[in-house]
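What follows is a single structure, written as structure tokens, with notes after it.
In the numbering used here, the protein residues as written are 878 to 1085.
So, in structure tokens, the structure goes:
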């Protein structure tokens, strides 16, 4: 039904003298694929797909929670209360950090990717093995380690300053999630940092 409704909108657009060339969605590719299959504007014009960054950031949280459950079923505990466990609080913060990494680097896929991985490697860093190579430099950096180095100071202890600690042994188990959500292909669809807020607000008025 949704696909057919979209097709009618696309087909009628030229009657008003314009074309819909981009589809903003929450990750479901069925409508996008359907429209391109129908070649609404001819074989040479492909509809582009953009991601709602609100939904993409939620996808990170959903994937991490799923990973915790799946590894638990295999006898491996990622979650828990001990320092370095993948806690719910950490997952929520990482989801916010992920969205902020995209927003603050609008238009630059590589910068988005660097910022996304920075929060991950920052989290597994320890005094014995600091891994802040992707964290922003400068005295105003959010990274305590890089900020201290810029000021010529000895960085404080990681146990005090890293608020979302993760055991390095857990990294390999969640890295595939980050590789998908920080891929060039996905981030390119987030390049304009758009959301579905306006559309969802309109629908709440129409159907509320």
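Each residue gets a CB set at the ideal place from its N, CA and C atoms; glycine is no exception. Here the structure is a predicted model, which means the values were calculated and not measured.
For the putative contact between residue i and residue j, defined by C-beta atoms under 8 Å, what is the C-beta separation to the nearest angstrom?
i           : j            : result
residue 989 : residue 979  : 5 Å
residue 927 : residue 1071 : 6 Å
Which first and last residues belong to the alpha helix (DSSP H) in which residue i is found?
i            : result
residue 886  : 879-890
residue 1032 : Here residue 1032 belongs to no alpha helix (DSSP H), and DSSP marks it neither H nor E.
residue 1051 : 1045-1058
residue 1068 : It is not in any alpha helix (DSSP H) - residue 1068 carries neither H nor E in the DSSP assignment.
residue 998  : 986-1000
Could you give the residue range of the beta strand (DSSP E) that holds residue i?
i           : result
residue 846 : A question about residue 846 goes unanswered here, because the residues of the chain that appear run from 878 up to 1085.
residue 901 : 899-902
residue 927 : 925-928
If the criterion is Cβ atoms closer than 8 Å, does the pair residue i and residue j meet it?
i            : j            : result
residue 1042 : residue 961  : yes
residue 912  : residue 883  : yes
residue 1016 : residue 1024 : yes
residue 929  : residue 901  : yes
residue 995  : residue 1011 : yes
residue 1039 : residue 999  : yes
residue 986  : residue 1057 : no
residue 1035 : residue 1014 : no
residue 897  : residue 993  : no
residue 933  : residue 888  : no
Let me confirm a value: residue i is counted as buried when at least 16 other C-beta atoms fall within 10 Å, else exposed. Which label applies?
i            : result
residue 920  : exposed
residue 881  : exposed
residue 891  : exposed
residue 1007 : buried
residue 1022 : buried
residue 1005 : exposed
residue 922  : exposed
residue 1126 : Because the chain here runs from 878 to 1085, residue 1126 falls outside it and cannot be looked at.
residue 910  : exposed
residue 964  : buried
residue 894  : exposed
residue 1066 : buried
residue 956  : buried
residue 907  : exposed
**OP:** Pair every Cβ in the segment 940-953 with every Cβ in the segment 1044-1058, then say whether three or more of these pairs are closer than 8 Å.
**Re:** yes
Subject >> Contact the segment 970-977 vs the segment 924-938: 3+ CB pairs below 8 Å >> reply: yes
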